[in-house]
Structures are given as C-alpha cells and as structure tokens.
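S.K.:
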Ligand SMILES: Cc1ncc(COP(=O)(O)O)c(C=O)c1O
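Right under this line is the structure:
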C-alpha cells in the first residue's frame, strides 16, 4: 500500500455515505471544539473507525516519546536511585493528579496500584471488615463479572450473604432498588457508576446517601466513568471507589488501576494485602507490619512505574480540554450514534438510555447477527466490540473520536447486516 492508499480508501467509503449523513457528520466535526485533539493520537494502520475506546483507549503519540525517554533517562541513567527520585511516590503523586483532573478528589485520597480486580478485592474486603456485625453485601446481577466474582469470594471467605439487585439490563440500578435492598444488616453496597453493557449512569449521589442512611459503606466501580464523565467524589460523600486507567485514561494494556478512599475512613478501613510497600517504613525491613499513614496503606507491592507512564499524557490532555467539554462531546457523540442507528440500521435496537443525564460514553446496539457482524467489521478496520447475548457496543472516547468516524463505522455495520 502506498501512503495515499488509506486516504483514498477513506474517501471511497465517505463517497458511499448518504449525503445527509456525510454532511451532518462533517458539520458536527467542524463545530467540535475538541476535534483537533484527535490528531494527537498515534496512527493505526487500516483503521476506519475505532469504536472501542471504552475498552482500550488509543495511544497518544506523546506516550511513545515518554516511554522511550524513560528507558534512557530515569531507568538507564539513574537506575535504582530513581526510587528515591520519584518512583517511590508515584502511586500517590499520580493518584493526586487523577483526583484533581478526573475524580473530584482532594489530595491524599487516591492511589495508583494493582489491577481493578485486585483493588476491588482489597477495598471490598476492607469495607466489610470495617462494618462488623453486618452480614450482607448488596450488588447487582448486571455488574461486570470481576466485581461479582470478587464479591462471591469475599462472601464465602467471611460467611456473608450476597443480596442481588436485578436491574433492567438496558438501564441500570436505581436508587429505589438500592433502598429496597439495604438495611441494618448491610455492610457494603458495590455498584458500577456506569454499566458496562447499557452505559447507564447510576445516580451516584442519591445511592450513596441511601446506603449511608442504612449505615453501609459504598464502593463505586468507576471503570467506565474516569475520564468520560465529571466526578465529584468528595462533594458526593463517596466512601470508596476503584477504576481502571486503560479505557478513557489511555494508560495502555494492563496499566495499573486506581483506588479512592475518603480521608475520613482512612483510619478505620484496613486492607488485607499487607505488603512491604504499604508499610510505614518499607526499608526498615521490620519484623511486623505497620501500615503507612494515609492513602499509602493501600499499596501492597512494588509500584508498576512503567505502566503509569502513558496515562500521564492523557491526564494532561484531559486537564487541558476540561472534563465539562469532554462530557459535552461524549453526549454529542452518543446522541449522534443513536440517531444514526435509528435512521440507518434497520432491525437494530438501541439498548442504552436515551436520557443524557443517564447516558455514559458508550451505546449498546442489539441485533441477533452482531456476533458475526463484529468479527467481519474488525476485518474492515471498524472496531466496536461484542457483548453477549447479541450486543454491539459502540464506545466513543471523546478526545480520539470524530463524528465522521462514527458515521463510517455504523455505515459499515449496516453494510454487513446485509
Ligand atoms: C466495570 C468494570 N470493572 C472491572 C473491569 C476489569 O477489571 P481489571 O482491570 O482488573 O481487568 C472492567 C473491564 O472492562 C470493567 O468494565
């Protein structure tokens, strides 16, 4: 392929779009104040439409330079001395940056470490231990498997009851459902803020209040929220939150997760994986474990310093754009995707909330042929993902996605549906 071949292919595809759709997408792109950010991402050969930024964010070109200069700089040039020159503090320093830019959290309450799954275990296990005498954990059947599986393990380990809410799968858990499930027996409520299938945004402030009124702690999974919707964890009185950094924070595959633990709880919540790096003085090599004061106690082992690099570039970009602008574009993208599905995809149903207040940054579409269609779309450089039983998930990462890209992607889906 010559250098001009991809552009020529793209032009052919554009020419195939109905004029009304092509013009509407072009007008939205022209009016988009964040459009220029898309050029900052590393090119992906043969890509027509990336509709899965809610699974793995695209790399920023700046991350390439950051990773390369890390090898020659802090790693090769400074070697072990770098632990004292910044690496040791990276979990809390980067945690504070996350708190400031995307979580609405004052410093000293966020840490970057482990994976989401491991942090869910550590924090959920710590939360139930902090509410002794309460034997129930409330969760929902539509939550991501790892959340449900971790809770199954904790319930078995502690002899607790798991009380399941069964929400509408095309929406999500409502305050009323939580109010009906919690009581004086409830230690913990664990929910996703944005549902991984439907994209429903739960009413975080209301649900948090309901759980607190029952005397329970709440743990929010923010995997699909961090970097896509503005959050105010401090102002909303959130106790605990956990999330990943490889989706809308573009940290790359396997980048470490983050955990938020409200300052007021840090003296009473004690996580179970007592490693040396979260101890009060790791290099004392002492005989027994004494937790570090503050949020540092959530760290267990050696911080994943390399994995923390790319997300720094995305955080800087989000800070520059501002979360309100990111959210505005996200809503415009999901609204556009729903309109295109309604108008141009016969037999396809939108299985996500239409209310902007309850809508995250991805849209679930429903059709019996989507398993086949998603596999074929990938071969054409159109990349959504498939979620059983028959859902095609359109993830729209606001800083790396254009409206024309969405139009081209969904038109390809139409083509493949035949
Ligand atoms: C809501 C939610 N929680 C957790 C995870 C994954 O956890 P981990 O980062 O440990 O793989 C995902 C992954 O997509 C998710 O969507």
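Numbering (the numbering used here), first residue to last: 4 to 421. Glycine is no exception: its CB is placed at the ideal position from the N, C-alpha and C atoms. None of the values given here were measured: they were computed from a predicted structure.
Check whether the region 275-290 touches the region 124-131, taking contact to mean three or more Cβ pairs, one atom from each stretch, closer than 8 Å.
M.R.: Contact between the region 275-290 and the region 124-131 is present, because at least three Cβ pairs lie under 8 Å.
S.K.: Is the region 308-322 close to the region 331-345, with three or more CB pairs under 8 Å?
M.R.: Taking 8 Å as the limit for Cβ pairs, the verdict is that the region 331-345 does not touch the region 308-322.
S.K.: For residue 184 and residue 168, what's the separation of their Cα atoms in angstroms?
M.R.: Each residue's alpha carbon lies about 7 Å from the other.
S.K.: Determine the direct distance from the alpha carbon of residue 164 to that of residue 138, and round the result to whole angstroms.
M.R.: Cα-Cα distance, rounded: 6 Å.
S.K.: Would you mind sorting residue 16 into buried or exposed? The rule is 16 or more other CB atoms within 10 Å of its CB.
M.R.: Residue 16 comes out buried.
S.K.: Pick out the complete alpha helix (DSSP H) segments inside the region 33-96, 4 residues or longer, and give them in chain order.
M.R.: Entirely contained in the region 33-96, the alpha helix (DSSP H) runs reaching 4 residues are, in chain order, 64-73.
S.K.: Is residue 365 near ligand 1, in the sense that its beta carbon is under 7 Å from a heavy atom of that ligand?
M.R.: No - ligand 1 has no heavy atom lying nearer than 7 Å to the Cβ of residue 365.
S.K.: Spell out a yes or no on whether the region 50-58 and the region 375-393 are touching, meaning 3 or more CB-CB pairs, one atom from each, closer than 8 Å.
M.R.: In short, these stretches touch, since the Cβ pair count reaches three.
S.K.: Relative to the alpha-carbon of residue 311, which residue among 69, 290, 294 and 199 has its alpha-carbon at the smallest distance?
M.R.: If we check each option's Cα against that of residue 311, 69 comes out closest.
S.K.: Does the Cβ of residue 288 have 16 or more other Cβ atoms within 10 Å, making it buried, or fewer, making it exposed?
M.R.: With fewer than 16 Cβ atoms within 10 Å of its Cβ, residue 288 is classed as exposed.
S.K.: According to DSSP, simplified to helix, strand and coil, what is residue 294?
M.R.: Of the three classes helix, strand and coil, the one that applies to residue 294 here is strand, per DSSP.
S.K.: Hey, residue 178 and residue 209: beta-carbon distance below 8 Å or not?
M.R.: Yes, the pair counts as a contact, with Cβ atoms nearer than the cut-off.
S.K.: Tell me where the beta strand (DSSP E) around residue 246 begins and ends.
M.R.: That run of the beta strand (DSSP E) goes 243-246.
S.K.: Tell whether a beta-carbon distance below 8 Å holds between residue 401 and residue 37.
M.R.: In this structure, residue 37 lies closer than 8 Å to residue 401 by Cβ.
S.K.: Excluding the 5 residues flanking residue 254 on each side, which residues of the same chain have their C-beta closer than 6 Å to its C-beta?
M.R.: Correct list, in chain order: 248, 313 and 314.
S.K.: Does any heavy atom of ligand 1 sit closer than 7 Å to the C-beta of residue 199?
M.R.: It does: the Cβ of residue 199 is within 7 Å (strictly closer) of some heavy atom of ligand 1.
S.K.: Please determine whether the Cβ atom of residue 147 lies at a distance below 7 Å from any heavy atom of ligand 1.
M.R.: For ligand 1, at least one heavy atom lies less than 7 Å from the Cβ of residue 147.
S.K.: Determine whether the beta carbon atoms of residue 268 and residue 242 lie at a separation below 8 Å.
M.R.: Yes, the pair counts as a contact, with Cβ atoms nearer than the cut-off.
S.K.: First and last residue of the alpha helix (DSSP H) that includes residue 333?
M.R.: 326-347 is the span of the alpha helix (DSSP H), which, as asked, contains residue 333.
S.K.: Using 8 Å as the Cβ pair cut-off and three pairs as the minimum, do the region 187-194 and the region 212-231 touch?
M.R.: Judged by Cβ distances under 8 Å, the region 187-194 makes contact with the region 212-231, as three or more pairs qualify.
S.K.: Does the distance from the C-beta atom of residue 227 to that of residue 363 stay below 8 Å?
M.R.: For residue 227 and residue 363, yes; Cβs fall inside 8 Å.
S.K.: Exposed or buried, residue 113, counting other C-beta atoms within 10 Å across all chains shown (16 or more means buried)?
M.R.: Burial call: buried.
S.K.: What does the Cβ neighbour count give for residue 235, buried or exposed, with the cut at 16 atoms within 10 Å?
M.R.: Per the 10 Å Cβ criterion, exposed.
S.K.: Within the present structure, is the beta-carbon of residue 224 separated from the nearest heavy atom of ligand 1 by less than 7 Å?
M.R.: Checking the Cβ of residue 224 against ligand 1 gives yes.
S.K.: Within 10 angstroms of its Cβ, does residue 300 collect 16 or more other Cβ (buried), or is it exposed?
M.R.: So residue 300 ends up on the buried side.
S.K.: Report back the beta-carbon spacing between residue 134 and residue 214 to the nearest angstrom; my notes put them in contact at under 8 Å.
M.R.: Actually they do not touch by this definition, with Cβ atoms about 11 Å apart.
S.K.: Hey, how far is the Cα of residue 306 from the Cα of residue 230?
M.R.: One C-alpha to the other measures close to 22 Å.
S.K.: If you draw a straight line from the alpha carbon of residue 158 to that of residue 292, how long is it in whole angstroms?
M.R.: Approximately 26 Å, taken between the alpha carbons.
S.K.: How close, in whole Å, do the beta carbons of residue 366 and residue 397 come, if the pair is a contact with beta carbons under 8 Å?
M.R.: At roughly 5 Å, the Cβ-Cβ gap stays under 8 Å, so residue 366 and residue 397 are in contact.
S.K.: Taking DSSP as the reference, what is the three-state secondary structure of residue 408?
M.R.: The answer is helix: DSSP assigns residue 408 an H, G or I state.
S.K.: Express the C-alpha separation of residue 250 and residue 45 in angstroms, rounding to a whole number.
M.R.: Taking the straight line from one Cα to the other gives about 16 Å.
S.K.: What residue range is occupied by the uninterrupted alpha helix (DSSP H) comprising residue 197?
M.R.: Taken as a continuous stretch (DSSP letters only), residue 197 belongs to no alpha helix (DSSP H), as it is neither H nor E.
S.K.: When burial is assigned at 16 or more other CB atoms within 10 Å of the CB, is residue 144 buried or exposed?
M.R.: So residue 144 counts as exposed.
S.K.: What separation, rounded to the nearest whole angstrom, lies between the Cα atoms of residue 160 and residue 153?
M.R.: Going by the C-alpha atoms only, they are around 11 Å apart.
S.K.: Quick check: what's the CA-CA separation for residue 35 versus residue 64?
M.R.: Roughly 21 Å between the two C-alpha positions.
S.K.: Any chance the CB of residue 231 is under 7 Å from a heavy atom of ligand 1?
M.R.: Residue 231: no, Cβ never under 7 Å from ligand 1.
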